[in-house]
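For what it's worth, this note's numbering labels the leading residue of the sequence shown as -7, then goes sequentially.
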Amino acid sequence: MSSEDALAKALGKINDSLEQLTKQGAETSKQVAETNKKVAEISRKIDLNTRSIIELGNKVNSNTESIGKLLEESSTTRKIAEEAKEIATATEERFPPVLRKLEDHDLTLSMIEMQRKERNLRIRSVPESEGDNLVDYLTKEFSDFWQQDLEKEEFKIESAFRLGTRQRRNKARDCLITLRSKEERDKILNLDYQRTLQIEDYFVEIFKDIPKHILVVSTNMDKAQRQVVTKDGRLPKTFFEMTDNMDLVDIWRIKHPLEREGTFFSEAKMTWTRIDQIWVTRGMAPKIKKVEICPKTCSDHNAVKMVMKQTTTGTFRWRMNDTLFGDEEVCKKAQKTLKDYFEINMKTNVEKRVIWDASKAVMRGFLIQQNAIKKRSQNEKKENFLEKIKDGERKLRSKPKSHEILREIKLYQTQYMELMNQEIEWKIKQMRQKTFESADKCGKLLAWQIKKRQKLNTVTNLEVDGKNIYNPTEIRNCFQRYFRQLYSQGPQKDMDIEQFLGKNGLKKISQESKRILNQEITEQEIEGAIQNMALGKSPGPDGLTSRYYKVLKEWLSQPLKEVCNEIMEGKRAPDTWKETYITLIPKTETEKTQLKNYRPISLLNVDYKIFADILAKRLKIVLMEEIHRDQAGFLPRRHLSDNVRNIIDILEKLEVNINTKAVLIFVDAEKAFDNISWSFMMKNLRGMGVGQGFENGIGAIYSEQKAKFIVNNVVTEEFKIEKGTCQGCPISPLLFISVLEVLLNMIRRDQLVKGVQVGAKQYKLRAFADDLVLTLQEPESSTKRVLELIQEFGQVAGFKLNKLKIKVLEKKLTPFEKERFQNETGLTVVKKVKYLGINMTAKNVNLFKDNYEKSWTEVKKDLEIWSNLKLSLLGRIAVIKMNVLPRMLFLFQTLQIMDKMDCFKKWQKDISKFVWQGKKPRIKFKILTDAKERGGFALPDFKLYYESAAFCWLKDWLLLENTDILDLECFNNTFGWHAYLWYDKAKAHKGFKNHIVRKALYNVWTRYKDLLENKTPRWLSPMEAKAVKKLNMESKWPRYWEILEQEGDRLKLQSFEKLKGKVRDWLHYYQIMEVFKMDRKIGFQMEKSKLETELLESSTKNLSKMYNLLLKWNTQDETVKSAMIKWAQDIGHNIMFVDWEKLRTTEMKFTACNALRENIMKMIYRWYMTPVSLQKFITCLIINAGNAKKMKVHSFTFGGHAQRLRRSGK
């Protein structure tokens, strides 16, 4: 007999048995109303044989499952198998093993329930009723309740059965009822409200959305099966009134209507109870994804875990786990994977860009795999223990009296807790190590402690067309529509652009500059760009961070170099370089409900930024020569302080020239970076003659771009970008200023635009990227012409003005002229503006109050807040260095206007109060400010920092090179700059100090002149000092070291023949000779002075170099500290200065812990005892000095007092 025949025969038998059971069930259902009392007696008898019946039930379940599996093996009987499986599932769901008590009529009832399931309802925990017929009892209790909403229809129960064994009086049991029709049941279940029916103190809630259409009684379901429910154990009626009023539901019971699980196991009563619950509003219930009771681990209660669906959904953003590369084994595997990949693929004919993109995909898969392995290895043991605890609790719920199961659970809980304790101990150890090394140091840990807690950049509402939008989806759509329109291609035409640039374009660059831009990209350039990448930055769409490129630099440089050089040759860029995420950062001090007040920042892939960084470095070298010095943004050796200084000088000049009428226009462009036309930008580069290779490189990254917005951490749909420069791209600002330079040149060359006149020069504008300031005379006509030029430029380049944000300061305009200017130009005249972080008015007299005083007020508030932090002495000093110093340095570098130093004493007092926590200082201020290598604490001295910044401004006076600044600042000088600096001509010219900048700088110079230069300096130019003062000075002046020559041991002035090209005539030569003779009496500086080496010849770090120089001079009287002398006296022999230096520079570095270093510093400076404490200590010693002769006192603790006791013989 074949297997199919045998299977068919077996199925036939099964069908026969099922038919017989169905018939028996039908007959039983007819007789059940008449034999209800007999059924109750049978159920009591069955209760005596519960164990054997449970075993029978388990066998039936296993047989059912095996039959289902057997049926699934045959394709011809698949339908029957599905039905059998459905029967098994229904049986398991409706009669859980923990609750089921199998008896003869229960099997019959299960068949009835399956046959009539469309008309059945199962009611949980209906109380026992003596003497009443069950059908009549339930009909009576439920009829009035349901008929209120069934349009007074007659409610009738066709049949009703109790499930399980009979209990004591008032002990509830489940009931299965059958209604007359499916429609009647549906009407009951589809009621639009929820009500509570009380039956003998049991509250039955009817839920519309409960699965399987079950009526739930929460009270008894949360108790153990045989647990006695007392009055104290029931929830009060007021609780259900509260849940009804607040529309709350027990979410675990909603998700698990038929299950009995507990969250607390009482070992005293050996019972389970679910006393830990989560109640949520009914509206939130559909958002709950899963609710489960977790295994009990460290507490005596089980935790309840609820998982909610995300309110908004978006694309998953993968980011590389940087900690993976902390594992050497992972690094080696990654290196081998990359090496094998490139060795196989780089020799094929596939395009290098495709191979490169595929390599990133391969490594992403590798890193995801390694991260999963790492997580799995970390959590595998814990998951195993949790699963064992869960299984044990499942067994304990079925056998709550089993001590063996309880002991097994406790064993697993102990093992789990040991594992958790090990992890926690390791994390605590790491945290302590980090605190040990980094606490109270300038770094991320301290910065996190003192930073202001900012609100999250979450967009909760927007105002669009006068309507407020709160829906998250609509908010995302608004942003996408706004920026999609912003980034769409403008109306510019190529022909118009070419004609415009033919007339106004930038000049051609030199051949050397062209060679620099177009030379082949080398591995050294790529490695340098990778080295300069900062760690911790957000990656682009590929998710690979800069750590990936730093660790695998050796294997990535060569393939990336080939990709970059192919782009320069004209081939396409990798597709991943055309993708970007754009995150929105709200502008400070603006309304966050306006779309235009958000700045789009592009998150670009790191390999894209490496290529762009190489091009940017090359372009900077070229633009240094091509971009006018009026543009101070993004180029080396140009600072925003130059712009502020220029404006202050112009305001000073206009204040003196009372007949000159002028305006200062602070221009604001609307989304300047985002509106630049790509076509204009590329044609402008071509007009400059940058070369085909460089054009190819820029064209590859600025031709096709696609972006997705991140709004409230949700990624929107992709859209195209067709214009603008990415804010986040290394080369973006350089491309922007090269485009803007076309407009600035137009303004400079236009004769109708009248700038502030100083001799033959006109000062028309200053720019820092798109922050443009126009300084114009003849305000009305000049402003109109400038607006026309900007409009003409904007039509082809995409540059747009935001007239509502343009602000104007006026000088010497009458009220009538002021009003007419505003009407004619459409611009607003204001009293105060903020430019590059500096508050300005039409008069410089308010600069100190509006900037220095305002800034220090904010600092004082912060110092009061930080005083509450538990910081050590070194920690508080680090706070000053990290937070306060940068804020004040910004003002020192941009505003050199202080003629008096009184404010520094007040600031020093506030700093001292913070450092010493309001107590008396224990260490001199000079020692605190001294450098660490000289035994100090490196507390910033703000006065010295201000003076160091002043020398950075004085550098222009000393070198005489930046004539734009010099002409503006000396517009009313009588003598040359060096005449004032070296020959004290300020005494002869009293008006020299009637200038806010000149006075401040000259005061600093006079304080340090003798220290810096005690002999005639090499940089001094006697020709400039003796020259006739002109409004526009020359740029190159001979210095002493250029016009002197050595004659034996003496210096002499070169002959007239040699200096003929540098002097005007014989008279001028003899004037210089007289000056030389006078200076020779003082003597000449033969070698370069500190001022020359640290300031004049250096182009970087001038401020810090001058500060160190001034600090050394300021603290030279504290070279030998008083503490050093006292220690030598106490010990009894001299301590060499070399030993002290070795202690500070070498031996202090034995630990990374700042706390230990601080204790050593306190010991060195004898801070460990206050005078009061020391006096008490000495008094105690004198009283107890009976045996002092035998004591050998040689301790740092007692100091000189103990030695004096010993010498006195007491």
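By construction, the Cβ of each residue, glycine as well, lies at the ideal position given by its N, Cα and C atoms.
- Around the beta carbon of K485, a 10 Å sphere encloses fewer than 16 other beta carbons of the protein chains shown; the residue is thus reported as exposed.
- The Cβ atoms of G1075 and T1008 lie closer than 8 Å to each other.
- Ranking E1089, E385, N413 and L1083 by CA distance to the CA of N1100 puts L1083 first.
- Counted as a single uninterrupted DSSP element, the stretch harbouring S502 is not any alpha helix (DSSP H), since DSSP gives it neither H nor E.
- With contact defined as three or more Cβ pairs closer than 8 Å, the stretch 897 to 913 and the stretch 590 to 607 are not in contact.
- Per DSSP, the continuous alpha helix (DSSP H) segment holding F334 begins and ends at E320 to N337.
- Taking C-alpha positions only, L863 is separated from Y1157 by approximately 20 Å.
- A distance of 8 Å or more separates the beta carbons of I243 and I285.
- Ranked by how close their Cα comes to the Cα of K500, the residues D1122, L946 and E618 have E618 in first place.
- Membership of Y404 in the alpha helix (DSSP H) is indicated by the continuous run H395 to S430.
- By the neighbour-count criterion, in which a residue is buried when 16 or more other Cβ atoms sit within 10 angstroms of its Cβ, Q623 is buried.
- Between the alpha carbons of T1137 and E925 lies a distance of about 6 Å.
- Pairing L861 with D432, the inter-Cα distance amounts to about 11 Å.
- Residues of the same chain with a CB within less than 8 Å of the CB of N460, apart from the 5 flanking positions on each side, are N453, L454 and T585 in chain order.
- In the three-state DSSP reduction, Q888 falls in the coil class, being neither helix nor strand.
- Annotation for R389: V90, R252, E253, G254 and W264 place their beta carbon closer than 8 Å to its own, counting only its chain and skipping 5 residues before and after.
- Nearest Cα to P807 within the set L887, E1079 and V822: V822.
- The three-state secondary structure of V1067, taken from DSSP, is helix.
- The C-alpha of Q888 lies about 24 Å from the C-alpha of L768.
- In this structure, the straight-line span from the alpha carbon of K1028 to that of L1095 is close to 25 Å.
- Excluding its 5 nearest sequence neighbours in each direction, D742 has C-beta neighbours in its own chain below 7 Å: R777 and L781, listed in chain order.
- The DSSP-derived three-state label of Q523 is helix.
- Contact annotation: A699 and T572 have beta-carbon atoms nearer than 8 Å.
- DSSP, read as helix, strand or coil, puts K746 in coil.
- Fewer than three beta-carbon pairs drawn from the stretch 654 to 664 and the stretch 987 to 994 are found closer than 8 Å, and the two stretches are therefore not classed as touching.
- Scanning its chain for C-beta atoms nearer than 6 Å, with the 5 sequence neighbours on each side dropped, one finds around T817 the residues T775, in chain order.
- S351 and F334 have their C-alpha atoms spaced approximately 8 Å apart.
- For W264, there is no enclosing alpha helix (DSSP H); the residue is found in the beta strand (DSSP E) stretching over T263 to T265.
- Per DSSP, the continuous beta strand (DSSP E) segment holding L240 begins and ends at L240 to D242.
- Linking Y1000 to Q1108 through their CA atoms gives a straight-line distance of about 15 Å.
- DSSP places S633 within a helical segment (H, G or I) once states are collapsed to three.
- Cα atoms of H1060 and E1089: separation of roughly 29 Å, rounded to the nearest angstrom.
- By the criterion of a C-beta distance shorter than 6 Å, K288 is surrounded in its chain by N294, once the five residues flanking it on both sides are discounted.
- Residue state for V788 is assigned as helix, using DSSP reduced to three classes.
- D959 sits away from G747, with the two beta carbons spaced by 8 Å or more.
- For secondary structure counted as the alpha helix (DSSP H) over 4 or more consecutive residues, the stretch 501 to 576 holds these complete runs in sequence order: 503 to 510, 515 to 524, 538 to 543 and 545 to 560.
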